[in-house]
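Take a look at the structure set out below.
Numbering (the working numbering), first residue to last: 459 to 688.
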């Protein structure tokens, strides 16, 4: 949690509380501050009002009711923990959806911070969930088409002389490099922006740091996901 004693950190805490990103003692401390400080409470309410039109576009990630019945039955039976594969897959899928929603919320918060206030809720925006081979959500991407900026959360990939390179794969199936991911924000060149459309695929590969951006990927992607416009 950011430092609420810092004026800038205070706004960050308000945003994190409004987004539901705080847990445990951090959440309890922020709630206490909200109850005792009307100014901070107003900041939380303001963040909630700013974010609600964008967050409303994210589908809820609720587990099916019968899933918890199965979990409860296994607990009551006293059987050793050996969940059936289908149950594990469903739990992972629900967890992945929840993680993706939180990641997109973080991207949306960054999007709100860097865009002017006059028409945020009217602008189209694209998001993507990038997942690995096992289907666990590991990265969320939010694209601001007006500014031509991609916001990534989280973005810690690479190492050992390799850099994460982001690719867009449009309808023709040919990957085009969007650049190396050196920070949480990636500027998209004007000639590439028309390819970031609904249904196009984003992919990340680990490439040699030298010579980037590359004309084509040299390895299989570690993360992929479809673009959705909201």
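By construction, the Cβ of each residue, glycine as well, lies at the ideal position given by its N, Cα and C atoms.
In this text, all values refer to a predicted model and were calculated from it rather than measured experimentally.
Below 8 Å CB to CB, which residues in the same chain sit around residue i once its five sequence neighbours on both sides are set aside?
{"i": "residue 649", "result": "none"}
{"i": "residue 670", "result": "621, 623, 635, 637, 638"}
{"i": "residue 678", "result": "663"}
{"i": "residue 485", "result": "475"}
Which term fits residue i, buried or exposed, when burial requires 16 or more other beta carbons within 10 angstroms of its beta carbon?
{"i": "residue 493", "result": "exposed"}
{"i": "residue 586", "result": "buried"}
{"i": "residue 683", "result": "buried"}
{"i": "residue 665", "result": "buried"}
{"i": "residue 575", "result": "Model confidence at residue 575 stands at a pLDDT of 48, short of 50, so the residue's coordinates are unreliable and nothing is read from them."}
I'd like the list of long-range same chain contacts for residue i, defined as Cβ closer than 6 Å, with 5 residues on each side in sequence excluded.
{"i": "residue 624", "result": "636, 639, 662"}
{"i": "residue 651", "result": "606"}
Give the straight-line distance between the Cα atoms of residue i and residue j, rounded to the nearest whole angstrom.
{"i": "residue 629", "j": "residue 672", "result": "20 Å"}
{"i": "residue 502", "j": "residue 495", "result": "11 Å"}
{"i": "residue 603", "j": "residue 508", "result": "19 Å"}
{"i": "residue 647", "j": "residue 660", "result": "15 Å"}
{"i": "residue 608", "j": "residue 531", "result": "45 Å"}
How far does the beta strand (DSSP E) with residue i in it extend, from its first residue to its last?
{"i": "residue 479", "result": "Looking at the DSSP string, residue 479 is not in any beta strand (DSSP E), and its letter there is neither H nor E."}
{"i": "residue 611", "result": "607–611"}
{"i": "residue 685", "result": "681–687"}
{"i": "residue 623", "result": "620–627"}
Sorted by chain position, which residues of the same chain lie with C-beta nearer than 7 Å to residue i's C-beta, five sequence neighbours on each side aside?
{"i": "residue 658", "result": "626, 627, 628, 685"}
{"i": "residue 498", "result": "468, 472, 491, 492"}
{"i": "residue 596", "result": "588, 589, 590, 681"}
Name the residue from the options whose alpha carbon lies nearest to the alpha carbon of residue i.
{"i": "residue 618", "options": "631, 477, 668, 527", "result": "668"}
{"i": "residue 642", "options": "666, 683, 600", "result": "600"}
{"i": "residue 675", "options": "653, 632, 483", "result": "632"}
{"i": "residue 476", "options": "483, 500, 655", "result": "500"}
{"i": "residue 655", "options": "615, 483, 606", "result": "606"}
{"i": "residue 506", "options": "484, 527, 478", "result": "478"}
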